[in-house]
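One structure is given below, encoded as structure tokens.
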Amino acid sequence: MKIGILVNEGPYNHQASDTALNFCKAALAKGHTIWRVFFYYDGVLNAAPRAEPPTDDRNLFKQWGELAEKHGVDLVVCVAAGLRRGIREGDTAPGFRISGLGQLIEAGIQCDRLVTFGD
Amino acid sequence: MKIGILVNEGPYNHQASDTALNFCKAALAKGHTIWRVFFYYDGVLNAAPRAEPPTDDRNLFKQWGELAEKHGVDLVVCVAAGLRRGIREGDTAPGFRISGLGQLIEAGIQCDRLVTFGD
Amino acid sequence: MLHTVNKSPFEKNALESCLSHAVEGASILLIEDGVYAALGGTSTAARMAEAAKRFKVFVLGPDLAARGMDAGRLVEGVGIVDYEGFVDLVAEHPTSQAWL
Amino acid sequence: MLHTVNKSPFEKNALESCLSHAVEGASILLIEDGVYAALGGTSTAARMAEAAKRFKVFVLGPDLAARGMDAGRLVEGVGIVDYEGFVDLVAEHPTSQAWL
Amino acid sequence: MDEMESGVVKKFMFVNRKAPYGTIYALEVLEMVLISAAFDQDVHLAFVDDGVFQLKKGQDTKALGQKNFSPTYRALDGYDIEKLYVEAESMAERGLTPADLLVPVEVLSRAEMGALMNEMDVVLTA
Amino acid sequence: MDEMESGVVKKFMFVNRKAPYGTIYALEVLEMVLISAAFDQDVHLAFVDDGVFQLKKGQDTKALGQKNFSPTYRALDGYDIEKLYVEAESMAERGLTPADLLVPVEVLSRAEMGALMNEMDVVLTA
């Protein structure tokens, strides 16, 4: 099944990013396709390029990047929401790309399911 | 009166940053001292250096910087909370500095009042 | 003690928790989405009217105006302050506590 | 329809709003701080016990364990799923709706 | 864009449950709604719980320094987004009547709103 | 640090009203509390509303991938932070008893908690 994901909140402050990651890993393990993950609102902060979480804690930025690298998951950050919060084209954590909100609507149209994680 | 401020949330997503700014401006206009503004939790994101809000909207990053420049307000970003979220020493919006949580406790001790803005 | 409440009473328990902890005579300032608690004719208005007898209750005018509400809609006993009035309230009370 | 609720019923109105909009027979999955709504012996337990008769109610096990709660504390009629079960619920229902 | 020519028309619903200005969700949902207009989908906007406050007439944000985005709701029909639903119970609990609102809307009971939600293909919330 | 020798001792209270893991507040408040120990102030921790869940025994975050920070509450007395207050009504509403908690605490009624809050010089909340 083709699944799209919407992440509304930044990493660490809310659990949304963790839950979305765990959901994506489980869906991939079951043979589903994560067709796209769209990051909106404070969700764009998951693509922050210079974060350095404590070494004894999980690194969510890296985990998203691995999802893109190993499973070819398309990680799309909203350009407008990103500019408001300092996340810009050419300066994101590895694995993310910047594009417009249309990519979220497209995911809604193309995917069999769209699941939202937020606050 | 010496007033300390704690900002718990990032700009735009929550009104905390706006309200804190409006409060600081009013306090300064009335002759009080804003002794320190401490940014913790997602509040560290107020120091994001590469943000570019829409031109028809307010620029909160710039407004904080002006507060530091014109009134000498000490804007302190928590180093640990910042690292978790990609805000680092030497790479903040103008007017902010990075330091430890002790600076917040110190504000609590030194200031006549400590006011929290959050979500 | 000055208590600030910034949450809608329809959405979160912040106001209720504040009201049940505040000491008789305390001041309560409703800001941001907290201003909705000051409106009359709502499901929470009676609770606020009763609170306004035990506490000094204020609402931040700029937040009220932004949300399209005016003084005529407020529960009786609630005062309106601007940001300068907010500063005065902070100065008048030795301690501020935010209910988030 | 699969409804997800991630908020504590003691703090926010998300669960209540979900329950009052969900159509008879819908599935509801409690995740993150939403898992507290599945506990027995609380001030909201009766509401959940009644809801569990009208809806299929599930709780996300990893979120329950993180918060130090186990199956023995749940209201009757609430099932436990892991992340794989969450994925299955999404696959079984044509649409998901998040109550945030 | 491919999807604009795909011929697939789904029922989308944007559910607004939050008040404006205290958080950015109302504004950024609106940006999402405007973009969705380009995709020729069957778009529905629901205003429930504190979301009904988004449509309150007379918003004046000057003293806040924030942008007043409420006029945008009036512009939605220019984008052929005309299915706006407001919940009666949510309004009543908040002391609002349809006369308080910026735009003409269809008022639904909570039960009707739940039934409408249940018919959707894609539900987006914030 | 100057303030460590200033001789000023204020009554600080950290008020915990949020559950752990769903948001980061519980963890980052704890980091604040640990730092405050270096300043020789009169530190109080209050657990009210969903904050009481922070002290629940048996937290196991392995399947979540998050760090279980609850053992830190047990380490607080090593920092001379010993004034932990939990609200009776908040526990009762949530089906908890003192036996469910990780650490020994002083249980206060809501009225007593309100009175204690009222005595503080600095109140920090998240």
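Protein chains in written order, with the working numbering: chain R, 1 to 119; chain D, 1001 to 1119; chain E, 2001 to 2100; chain L, 3001 to 3100; chain H, 4001 to 4126; chain F, 5001 to 5126.
For each residue, glycine too, the CB sits at the ideal point set by N, CA and C.
All values derive from a computational prediction rather than experimental measurement.
Checklist entry - Between residue 1047 (chain D) and the rest of its own chain, which residues show a CB-CB distance below 7 angstroms, the 5 nearest in sequence each way excluded? => result 1039, 1077, 1087, 1092, 1093, 1096
Checklist entry - Under 8 angstroms between C-beta atoms, does residue 105 (chain R) make it to chain H? => result yes
Item to check | Whole-number beta carbon distance between residue 4073 (chain H) and residue 1015 (chain D), since they are thought to touch under 8 angstroms | outcome: The Cβ separation is near 20 angstroms, so there is no contact.
Item to check | Run of the beta strand (DSSP E) containing residue 4127 (chain H), from where it starts to where it stops | outcome: In the structure as shown, chain H starts at 4001 and stops at 4126, and residue 4127 (chain H) therefore has no counterpart that could be examined.
Checklist entry - Does the beta-carbon distance from residue 3055 (chain L) to residue 3029 (chain L) come in below 8 angstroms? => result no
Checklist entry - According to the neighbour-count rule (16 or more other Cβ atoms, all chains shown, within 10 Å of its Cβ), is residue 2044 (chain E) buried or exposed? => result buried
Next on the checklist: I want to know whether the region 4048-4060 of chain H touches the region 4083-4100 of chain H - three or more CB-CB distances under 8 angstroms.
Outcome noted: yes
Checklist entry - Where does residue 1078 (chain D) fall in DSSP's three states? => result strand
Item to check | Same chain, Cβ closer than 6 angstroms to residue 5025 (chain F), five either side skipped, listed in chain order | outcome: 5018, 5126
Checklist entry - So, is the C-beta of residue 5003 (chain F) closer than 8 angstroms to a C-beta in chain D? => result Any reading at residue 5003 (chain F) is ruled out, since the residue's pLDDT is 45, under 50, leaving its predicted position unreliable.
Next on the checklist: Closest to residue 3087 (chain L) by C-alpha separation, out of R:25, R:98, R:82, R:99, would be which residue?
Outcome noted: R:25
Checklist entry - Does DSSP put residue 5083 (chain F) in a helix, a strand or coil? => result strand
Checklist entry - At which residues does the alpha helix (DSSP H) containing residue 1025 (chain D) begin and terminate? => result 1016-1029
Next on the checklist: With distance defined between alpha-carbon atoms, name the residue in L:3070, L:3065, L:3074, L:3025 nearest to residue 3049 (chain L).
Outcome noted: L:3074
Checklist entry - residue 1067 (chain D) versus chain R: which residues are under 7 angstroms apart at the beta carbon? => result Near residue 1067 (chain D) there are no residues of chain R at all, since even the closest Cβ is about 19 angstroms away, more than 7 angstroms.
Item to check | Beta-carbon separation (whole angstroms), residue 5081 (chain F) vs residue 5009 (chain F), contact threshold 8 angstroms | outcome: Wrong, their Cβ atoms sit about 14 angstroms apart, outside the cutoff.
Checklist entry - Alpha carbon to alpha carbon, what distance is there between residue 22 (chain R) and residue 2098 (chain E)? => result 34 angstroms
Item to check | Cβ contact check for the region 4116-4124 of chain H and the region 5028-5042 of chain F: 3 or more pairs under 8 angstroms | outcome: no
Checklist entry - So which residues on chain R does residue 4041 (chain H) lean against when the C-beta distance must stay under 9 angstroms? => result 105, 108, 109
Checklist entry - To which residues of the same chain is residue 3046 (chain L) closer than 6 angstroms at the C-beta, ignoring the five residues directly before and after it? => result none
Item to check | Outcome for residue 5119 (chain F) when other beta-carbon atoms lying within 10 angstroms are tallied against a minimum of 16 | outcome: exposed
Checklist entry - Going along the chain, which residues of the region 81-99 of chain R sit with their C-beta nearer than 7 angstroms to a C-beta in chain H? => result 81
Checklist entry - To which residues of the same chain is residue 5001 (chain F) closer than 7 angstroms at the C-beta, ignoring the five residues directly before and after it? => result Any reading at residue 5001 (chain F) is ruled out, since the residue's pLDDT is 45, under 50, leaving its predicted position unreliable.
Item to check | residue 2090 (chain E), DSSP secondary structure in three states | outcome: helix
Checklist entry - residue 4054 (chain H) versus chain D: which residues are under 7 angstroms apart at the beta carbon? => result Here the premise fails: no neighbours, minimum Cβ distance about 15 angstroms.
Checklist entry - Residues in the region 1021-1050 of chain D with C-beta within 8 angstroms of chain E's C-beta atoms, listed in sequence order? => result 1022, 1023, 1025, 1026, 1027, 1029, 1030, 1032
Item to check | Nearest neighbour of residue 4057 (chain H), chosen from H:4109, H:4108, H:4100, H:4013 [CA to CA] | outcome: H:4100
Next on the checklist: Please classify residue 1996 (chain E) as buried or exposed, where buried requires at least 16 neighbouring CB atoms within 10 angstroms.
Outcome noted: What is shown of chain E runs 2001 to 2100, which leaves residue 1996 (chain E) out entirely.
Checklist entry - Any Cβ of chain L within less than 8 angstroms of the Cβ of residue 5072 (chain F)? => result no
Checklist entry - Grouping DSSP H, G and I as helix and E and B as strand, with all else coil, what is residue 113 (chain R)? => result strand
Checklist entry - Closest to residue 1058 (chain D) by CA distance: which of D:1012, D:1027, D:1003 is it? => result D:1012
Checklist entry - Between residue 4042 (chain H) and the rest of its own chain, which residues show a CB-CB distance below 6 angstroms, the 5 nearest in sequence each way excluded? => result 4009, 4011
Item to check | Under 9 angstroms from the C-beta of residue 1010 (chain D): neighbouring residues of chain C | outcome: Absent here is chain C; the protein component of the structure consists of chains R, D, E, L, H and F.
Next on the checklist: So if I threshold CB-CB distances at 8 angstroms, which residues from the region 4004-4032 of chain H count as touching chain R?
Outcome noted: 4006, 4008, 4010, 4012, 4024, 4025, 4028, 4031, 4032
Item to check | Where the beta strand (DSSP E) containing residue 2061 (chain E) begins and where it ends | outcome: Careful: residue 2061 (chain E) lies outside any beta strand (DSSP E), inside the alpha helix (DSSP H) at 2061-2066.
Next on the checklist: Can you look up residue 3097 (chain L) in the DSSP assignment and give me helix, strand or coil?
Outcome noted: strand
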